[in-house]
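Same order as they appear, the protein sequences are chains R and P.
So the first sequence is residues 1 to 302, counted in my numbering.
So the second sequence is residues 303 to 630, counted in my numbering.
Backbone N, C-alpha and C fix where the C-beta goes; we use that ideal spot for every residue, glycine too.
Data block below; observations after.
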Amino acid sequence: MTALSLGPVFFHWEPQRWRDFYFRAAEEAPIDTVYLGEVVCAKRMPFTAPHFDAVIERLKRAGKRVVLSSLALIGNEREAQLMRDLCATAVPVVEANDIGILPLLTGKPHSLGPFLNIYNESTLAFFAARGAIGACLPPELPATSIARLAASASIPVEVLAFGRLPLAISARCFHARVHGLHKDGCQFVCGRDAEGLAVDTLEGEPFLAINGLQTLSCTCLSLLRELLGLKRAGVAGFRLSPMAADMVRVARLFRDTLDERIGAEEAEEALKALLPQMPLANGFLYGEEGRRRFHPDHLRLE
Amino acid sequence: MELVAPAGTPAAFRAALAAGADAIYLGFRDETNARNFPGLNFSADELKEAIGLAHRERRKVYVAVNTFPRAGDEAIWQRAVAAAAELGADAVILADIGLLDYAAQRHPGLRLHLSVQAAASHADAIRFYAEAFGVRRVVLPRVLTVEEIAALNASVPVETEVFAFGGMCTMAEGRCFLSSYVTGRSPNIWGVCSPASHVRYETRGDALVSLLGGSVINRFQQGEAAGYPTLCKGRFVVDGRASYLFEEPVSLNAAGILAELRAAGVAALKIEGRQRGRAYVASVVAAYRGLIDALEREGSVPRESAILFDRLAEGHSETTGAYGKRWR
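In structure tokens:
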């Protein structure tokens with residue numbers, strides 16, 4: 001069965017909200033795997049730490065597979081040490097999002113996150129030979145590349161299918177910069193925006209969103225209408241990236257579409273109703289602008 | 303410290319050589335390199351001639367094959383590496399894991415440099431590339447402070463090369479999809495960022511606006527110099543306030559901190575700008591040659607030469623970028 005997963009929360013949510021989000025997902029979301037952990041900014045890690053064990057416990061009890069996601073950008077020794085601690089925890093699988101963590105995972109089963117550059121068969125084969133047990137492909141890959149990778153891979157390949165697109169990561173904190181602060185004294189202003197802070201052009205066109213060190217799309221990725229085509233092309237799993245919207249309902253829409261209980265068009269209409277302010281996008285899959293939305297008639301899988 | 307200069311054309315190559323570059327980096331005229339712009343780069347014959355010229359003067363040539371090979375078409379990138387090896391390049395600059403693996407296995411004598419596009423930002427990542435592929439030099443991402451570079455050099459078994467001058471990425475290189483999100487063309491796949499083919503300038507009342515992929519990146523009043531709309535150097539609105547949100551349209555210039563970079567153990571200084579003309583390459587390389595020679599001779603860079611040098615920066619203000627802590 002095609003797996004559905006919940007990606008790590010990109011946003012600096014209140015620890016309580018973060019915990020309750022996972023508690024509810026554990027009970028109600030038709031999700032197989034949950035990727036857990038801070039991928040954007042190491043400074044946020046202490047906030048959710050007190051709830052980690054309880055969340056993992058609850059997810060496991062609900063039958064979910066739990067994977068710990070690592071930081072997308074390891075920039076200094078302190079962050080490297082945090083990653084060593086992460087790899088030493090009792091959870092069996094860590095998802096690598098920066099090459100720097102791979103030496104820590106030698107000989108241990110691990111998976112490859114969407115922040116690693118996996119563009120071709122040789123790269124995927126290299127990682128698989130070193131013990132990777134799964135890979136979530138980078139968001140800018142066109143469907144032609146995804147299909148080729150899925151066909152050649154000896155490990156399950158997953159694709160981001162929902163959420164704001166992670167477009168860039170920097171050593172600079174843009175949230176701090178907007179508030180006239182620096183990263184070192186950021187006052188955690190990123191926590192004020194549950195889904196990132198909107199960035200418009202000078203003419204008022206919605207353009208991007210910032211989330212601390214990360215830049216996200218202002219559109220919401222939805223591959224609902226491409227799920228079955230990608231599944232036939234060999235994609236083994238789809239990842240939903242948490243948003244402020246009702247993720248349990250989002251997950252049900254994806255699960256029902258995958259299982260062909262509802263049609264993709266109907267599901268996408270329901271999704272739009274859950275995200276009234278956000279345009280949907282799927283352009284990367286079509287080898288075009290990631291912010292655009294194409295009709296699946298134009299999808300090329302070979 | 304070695305001075306590594308860019309060359310987008312044979313003319314720029316000769317200019318860099320004459321101006322005193324120790325090494326020159328360039329790419330083939332196709333999608334295998336991260337400056338895949340119309341009218342730029344080298345054919346195999348041009349590369350052969352360039353290598354001949356450089357080797358006669360005991361200078362080096364590095365060939366950048368630093369985009370990420372497309373699934374199903376990896377042979378194109380592998381052929382570029384093979385051609386560079388055959389023609390006698392002193393090193394290839396690679397970013398992709400699969401291509402590094404190919405080069406290490408099939409061309410074991412070829413010296414491998416890790417491109418900035420691989421964004422190896424920490425000692426653990428660098429050690430990985432050194433151990434897995436025998437990488438000998440790493441071009442560091444433009445996100446590290448001088449202090450972090452020094453710490454890193456103390457703990458890795460390879461040389462490091464850092465950017466000294468030119469355009470500066472605000473985001474971790476090789477992991478940025480902003481350009482493809484807005485234009486469909488990305489550095490990783492196409493070798494371009496904010497490509498000229500998607501740029502327009504339009505007059506709106508008294509102002510000139512620059513657009514990328516149809517979106518306004520900046521607006522200039524009459525008399526204001528209109529810059530190129532590189533996405534992360536644009537002016538955007540957050541909470542009703544317009545600002546250079548990601549980065550001002552600044553050039554990196556490390557002229558004032560060369561002694562610090564040398565003390566941090568940096569092996570090579572890189573000038574950005576394979577897309578720039580011969581005159582630019584000649585003047586920047588000559589200026590840096592002077593600064594490095596002065597540093598080697600006297601242990602420091604004379605203040606007035608660092609200041610004189612400022613006028614070379616793109617008509618914009620300059621920054622030491624992430625090398626200074628407060629950039630973050």
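Where does the unbroken beta strand (DSSP E) through residue i begin, and where does it stop?
i	result
P/GLN524	Per DSSP, P/GLN524 belongs to no beta strand (DSSP E) and is neither H nor E.
P/ARG555	Before going further, note that residue 555 of chain P is Asn rather than Arg in the sequence given. Per DSSP, P/ASN555 belongs to the beta strand (DSSP E) from 553 to 555.
R/SER69	65 to 69
P/ILE573	570 to 573
P/PHE538	538 to 540
P/PHE467	461 to 468
P/ARG502	501 to 506
P/GLU304	304 to 308
R/VAL199	197 to 200
R/ALA194	Premise fails: R/ALA194 is in no beta strand (DSSP E) and is neither H nor E.
Based on DSSP bridge pairs, tell me the residues matched to residue i.
i	result
R/ALA168	R/THR215
R/SER145	BP columns for R/SER145 are empty, so no partner.
P/ILE451	Its beta-bridge partners do not exist; DSSP assigns none.
R/PRO46	According to DSSP, which records beta bridges pairwise, R/PRO46 is partnered with nothing at all.
R/ALA281	R/LEU221
P/GLU620	P/SER553
R/PRO206	R/ASP200
P/VAL511	P/GLU504 and P/ARG521
R/LEU160	R/ARG239
R/SER5	R/THR33 and R/ARG239
P/VAL441	P/GLU463
Output the distance between the C-alpha atoms of residue i and residue j, rounded to the nearest integer angstrom.
i	j	result
R/PHE254	R/SER222	10 Å
R/MET45	R/TRP13	11 Å
P/GLU616	P/SER553	Any answer about P/GLU616 is weak, because its pLDDT of 47 lies below 50 and its placement is not dependable; what the coordinates show is given next. Their backbone Cα atoms lie some 7 Å apart in a straight line.
P/ARG564	P/VAL464	11 Å
P/CYS478	P/ALA432	24 Å
P/THR502	P/PRO489	One detail in the question is off: residue 502 of chain P reads as Arg in this sequence, not Thr. Computed Cα separation, rounded: 20 Å.
P/GLY390	P/GLU504	47 Å
P/ALA482	P/GLY516	Note that residue 482 of chain P corresponds to Ser in the displayed sequence, not to Ala. Rounded to the nearest angstrom, the two C-alpha atoms are 13 Å apart.
P/ASP398	P/LEU414	12 Å
R/LEU299	R/GLU288	11 Å
R/GLY113	R/ALA233	20 Å
P/GLY626	P/PHE435	32 Å
P/GLY536	R/PHE207	12 Å
R/GLY131	R/VAL67	15 Å
R/MET243	P/GLY507	40 Å
P/PRO531	P/ILE326	28 Å
P/THR485	P/TYR582	28 Å
R/LEU227	R/PHE238	8 Å
R/ARG304	R/ALA88	There is no way to answer for residue 304 of chain R, as the model of chain R reaches only from 1 to 302.
P/VAL437	P/VAL394	10 Å
Which stretch, first to last residue, makes up the alpha helix (DSSP H) that contains residue i?
i	result
R/ALA251	247 to 258
P/ASP403	399 to 408
R/GLY349	Nothing about residue 349 of chain R can be read from this structure; chain R reaches only from 1 to 302.
P/VAL484	480 to 485
P/VAL586	580 to 600
P/HIS415	Element bounds for P/HIS415: not the alpha helix (DSSP H) but the beta strand (DSSP E), 414 to 416.
P/ALA425	425 to 435
P/ALA544	Careful: P/ALA544 lies outside any alpha helix (DSSP H), inside the beta strand (DSSP E) at 543 to 545.
R/ARG177	174 to 178
P/ARG564	560 to 565
R/GLU269	264 to 274
Quiz item: Between the region 144 to 158 of chain R and the region 58 to 65 of chain R, do three or more beta carbon pairs fall short of 8 Å?
Solution: no
Quiz item: Which runs of the alpha helix (DSSP H) fall wholly inside the region 7 to 42 of chain R and span at least 4 residues, in chain order?
Solution: 15 to 28
Quiz item: Going along the chain, which unbroken runs of the beta strand (DSSP E) with 3 or more residues stay wholly within the region 78 to 143 of chain R?
Solution: Correct list: 93 to 96, 110 to 112 and 132 to 136.
Quiz item: How do the region 421 to 430 of chain P and the region 68 to 75 of chain R stand: do at least 3 beta-carbon pairs fall below 8 Å, yes or no?
Solution: yes
Practice problem: For the region 317 to 397 of chain P, list the alpha helix (DSSP H) runs that are entirely contained and at least 4 residues long, ordered along the chain. | Solution: 346 to 358 and 376 to 388
Exercise. Spell out a yes or no on whether the region 310 to 327 of chain P and the region 572 to 581 of chain P are touching, meaning 3 or more CB-CB pairs, one atom from each, closer than 8 Å.
Key: Flag = yes, the region 310 to 327 of chain P and the region 572 to 581 of chain P touch.
Exercise. With 9 Å as the C-beta to C-beta threshold (strictly closer), list the residues of the region 110 to 131 of chain R near chain A in chain order.
Key: Any reference to chain A falls outside this structure, whose protein chains are R and P.
Quiz item: Taking contact to mean at least 3 C-beta pairs separated by less than 8 Å, is the region 13 to 30 of chain R in contact with the region 195 to 203 of chain R?
Solution: The region 13 to 30 of chain R makes no contact with the region 195 to 203 of chain R; the number of CB pairs closer than 8 Å stays below 3.
Practice problem: Give a yes or no on contact between the region 142 to 153 of chain R and the region 169 to 176 of chain R, applying the rule of three or more CB pairs nearer than 8 Å. | Solution: no
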